[in-house]
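Below is one structure, written out as structure tokens, with a few remarks after it.
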Amino acid sequence: MVYDLGDTMHVRTSGYSGKAGFKTDLFLFLFSKGKLIRSFEVSPGSVTEILIEQDMGLAPSASLLLYAVSNENELVADEMKIMVSGLIKNQMTMEYSVKRQMVGRDVTLSVTSDPNSFIFLVAIDKGSQLLKAPNDITFQQVKEGIMEFDTREERDGSDPYPGPIMFRRKRFAIENFYQGTSANEILETVGIVYMTDAHVAETNDAIMYDMVVQEAAGRPIIGNKVNDGLAEKMPTESESSNNVRKNFPESWIWLNEVTGSDGKYENMFTLPDTITAWTTRGFAISPTNGLGIAKNVQVEGFKQFFVVVSLPALAVREDKIEVKLVVFNYFMAQKNVRVTLKQSKDYMIFRDSSNTTQSLNSDFTDTVQVPAGLSKGINVFIKPTTIGNIMIRVEATSGTQVTDVTDIVEKFISVDPEGKTKYGGVQQLFEAQSTLQTLLVNPEFPSDFVPDSRKITVSVTGDIFGQSLQNLDSMIRAPYGCGEQNMISLVPNIYAMSYMEAVKNVKPEIKQKAEKNMQQGYQRELNYKHPNGGFSAFGESDDSFSTWLTAFVMKAFAQASKFIFIDDKVLLEAKDAIMSQSNRDGSFNEPGNVIHKDMMTGTSGGPMLTAYVYIAFKETQNTEVAIPNTFDASLTLKYLENFYKNTPGLTAFQRAVLAYCFALGNSQEQLSNVLVDLNGVSTISDDGDLRCWCDLRKKEVGNQKMYSTYDVKPSAIETAAYVLLTHVVKGDMTSGRPIAKWLISQINGKGGYLSTQVRMYK
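Just so it is clear: in the sequence shown, position 248 is 248 by full-length UniProt numbering, and no numbers are missing.
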């Protein structure tokens, strides 16, 4: 039953008294959107009329439930669904002054809504919607959103047999053969949970027999009548305008306005040059009646005679590309058309794609005959000679100078330089002051760079990782691949979230993406788990798990547990698997193999594997994860101390990893010794502002000294990162500052570093 807003619904109830009547009152409940709106109580034997006014609280639908207990102790019930129209009270309409207009001319859009409504309008090229549906606000979305709160379940009559069923004997069809109407089903339909000692009838499945079902039976389909002619007769007026068409946006109208006191808004817009239909959408918000949604309207930009120029989205300099030219003729007569691609200093013109063809020294011109109402295509080739946005100009002309029709199109194509793009970055850390500061930057370019391809972008942020935060989308990726690849793409999501929370700059869209990636990565990694809790690149397909990868997974999962659910059992089993490879002296064995060696740098085996496991356990203990600690940290630390004291010729990277272990284990004597060693093999700028473990080039420009590093190896950055972590654990920020400044200077133009493991330490 359908009512309009403001209507009054008359409900009449009656119940029989006596033996067949009711021993309780009759109860009526009015529900809408999961809430009890009103309740009524009627005495047995009486006839009562209840008035229910239809308001917004009942829209778009409501349920009226009636129940009582009979003298035979049976609960009986009935239910009625009420449909209320007028869910949206703010009635919004849109209309163009014409349905079709010449491109480049004006059309008027008229909008009506409630007085003083905020209206939001957008007009989009219909062709751009072929790849992706627009993100519309529709009445159906609003209705479905509201109905999510409704507890009522629709009975579709599909039980026990879906209709239609065709029978061979009688040749009759039964659709919705059985509609359940028991008290139990009615209460469940409304969403009522009940407890009673009364008898509640339930639906019994129907038993059907002696039926022969006709194979491949189906209902007839009634099609829409198709008009044999054109939906709208093409215009016949002549065209002689030589206006250049060069405005081809995907969105045309994009604005928000306010209707007047009469509820009207009107404006004139100039149609873009695209031959297309513009779909216009709009919604309004009224201070009194809330949301209003208009039906979509269209206006078509048209010409009787035009040329379409098809270009690739992107081209590379010195690569030959095809330009497709299609001429459309919607006049009533055939046209002889002269098509011209204008010569330009930005490209060379070729008649075909052959590498032996000579370029033209003039405009490209061709003549085609285009029948009435049809189109004709021409192909021509160009080779861009400059980079950036270059303009392609095409002219199509038919007729004499007096009665000619012409269409001129100018389109742009983006041209990239040849070669491979290489990103670099020069990062400088400085303290903001009240006086003017001058920073001298000397970016280095490879000697074989492509001419005209250099580009420099300058940005200033109040965050040492500002460049990284601006490019987080390129750094946090959905996990994929084997157990190792999965972790490579999972871990940056964890560290990005940790950093944003630490600096209190959490971006909601990045947070949502990172958490989703972490959840996917966690679930994927479980596919590569061995029965003993260890992990390897291909799981049980490998002969054994990897101690290194398992330690990496345990540490990463423990750190991710702050943002997503991680089963403690997974961490406990991973810890036990690692401990199964421990030796009496505190060292650890590697029974498996790691395919991606760049994940490990110098920690793949022997004492350095033990150092990595030690770090993984200590960092796991620093998280909020509560797993039993059976790891003898003191024994492993003693092993690492002996290794440092008794092993000459350690690399800077090995010393840096050991220094971090000694800092985590509070081994002060060995920590002091190893830091002295590290400082002795480091390179430091004259002013002490930069420290690293690679060559530091000095260049004097005027009275200023500039330092740069070139072809820095990942191990140099990892070495600096471990030493910086060591100073952070010590609380010695003064010693860590020059290292931090050098590490910041190595961040590339995308905000990251050059290798897998380096990005993980960032």
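Don't be surprised by glycine CBs; every beta carbon is placed ideally from N, CA and C.
The structure presented is a predicted model; accordingly, all values stated were derived computationally and were not measured.
Residue i - containing beta strand (DSSP E), residue span
i      : result
Asn336 : Lys335 to Leu341
Gly301 : Val297 to Phe302
Gly282 : Thr276 to Ser286
Tyr347 : Tyr347 to Phe350
Gln621 : Unbroken run through Gln621 is the alpha helix (DSSP H), Gly606 to Gln621; no beta strand (DSSP E).
Glu49  : Val47 to Glu53
Ser561 : Unbroken run through Ser561: none, as it is neither H nor E.
Ser251 : Ser251 to Val258
Glu318 : Run containing Glu318: none; DSSP gives neither H nor E here.
Close beta carbons around residue i, own chain, < 6 Å, minus the five adjacent residues each side
i      : result
Ser238 : For Ser238, the predicted structure reports a pLDDT of 47, less than 50, and the residue's modelled location is therefore unreliable. A value from the coordinates is still provided. Within the same chain, Ser238 has no close Cβ partners at all.
Gly665 : Leu637
Arg12  : Glu49
Ser261 : Pro115
Asn532 : Ala577
Thr108 : Ser97 and Met268
Thr367 : Arg338
Val308 : Val326
Contacts around residue i, its chain only, beta-carbon distance under 7 Å, and the 5 residues preceding and following it disregarded
i      : result
Tyr265 : Val111, Ile119, Glu257 and Thr259
Val674 : Tyr644, Arg655, Leu658, Ala659 and Phe662
Phe565 : none
Outcome for residue i when other beta-carbon atoms lying within 10 angstroms are tallied against a minimum of 16
i           : result
Pro220      : Low per-residue confidence applies at Pro220: pLDDT is 34, beneath 50, and the placement is therefore not dependable enough to give any value.
Thr421      : exposed
Ile615      : buried
residue 816 : The chain is shown only over 1 to 762; residue 816 falls outside these bounds and no answer can be derived.
His530      : buried
Asp136      : exposed
Phe331      : buried
Asn493      : buried
Ile739      : buried
Ser117      : buried
Glu484      : buried
Ile222      : Any reading at Ile222 must be qualified, since the residue scores a pLDDT of 32, below 50, and its modelled position is unreliable; no value is offered.
Strand pairing of residue i, partner residues [DSSP]
i      : result
Cys692 : Thr683
Met579 : Paired residue(s): none; Met579 is not in a bridge.
Ser546 : Phe535
Leu36  : Phe31
Gly592 : Its beta-bridge partners do not exist; DSSP assigns none.
Thr13  : Thr48
Pro384 : Tyr347
Lys264 : Thr112
First and last residue of the uninterrupted alpha helix (DSSP H) at residue i
i      : result
Arg737 : Met733 to Ser745
Tyr722 : Pro714 to Lys730
Ala59  : Run containing Ala59: none; DSSP gives neither H nor E here.
Arg524 : Pro508 to Glu525
Leu311 : Per DSSP, Leu311 belongs to no alpha helix (DSSP H) and is neither H nor E.
Pro371 : It is not in any alpha helix (DSSP H) - Pro371 carries neither H nor E in the DSSP assignment.
Met497 : Gly483 to Ala502
Arg477 : Segment: none, Arg477 is in no alpha helix (DSSP H) and carries neither H nor E.
Val657 : Ala652 to Leu664
Ala123 : Element bounds for Ala123: not the alpha helix (DSSP H) but the beta strand (DSSP E), Phe118 to Asp125.
Asn646 : Ala633 to Asn646
Whether residue i touches residue j by CB criterion (8 Å)
i      : j      : result
Val316 : Ile382 : no
Ser310 : Ile387 : no
Val297 : Thr280 : yes
Phe328 : Phe306 : yes
Ser546 : Asn589 : no
Thr270 : Asp106 : yes
Ala68  : Ile82  : no
Val337 : Val370 : yes
Gly424 : Asn748 : yes
Asp686 : Lys741 : no
Asn517 : Leu490 : yes
Val415 : Leu325 : no
Leu28  : Phe40  : yes
Gln519 : Ile744 : no
Tyr522 : Gly539 : no
Val676 : Trp693 : no
Other residues of its chain near residue i: CB distance less than 8 Å, five sequence neighbours each side excluded
i      : result
Arg351 : Thr357, Leu360, Phe364, Val380 and Phe381
Gly377 : Lys324, Leu325, Val326 and Val327
Leu572 : Gly533, Ile627 and Pro628
heavy atom of the ligand SAM below 7 Å from residue i C-beta
i      : result
Pro738 : In the structure on display, the ligand SAM does not appear, and there are no ligands present to speak of.
Cβ of residue i within 8 Å of any chain B Cβ
i      : result
Glu322 : Among the chains of the structure shown, chain B does not appear; only one protein chain is present.
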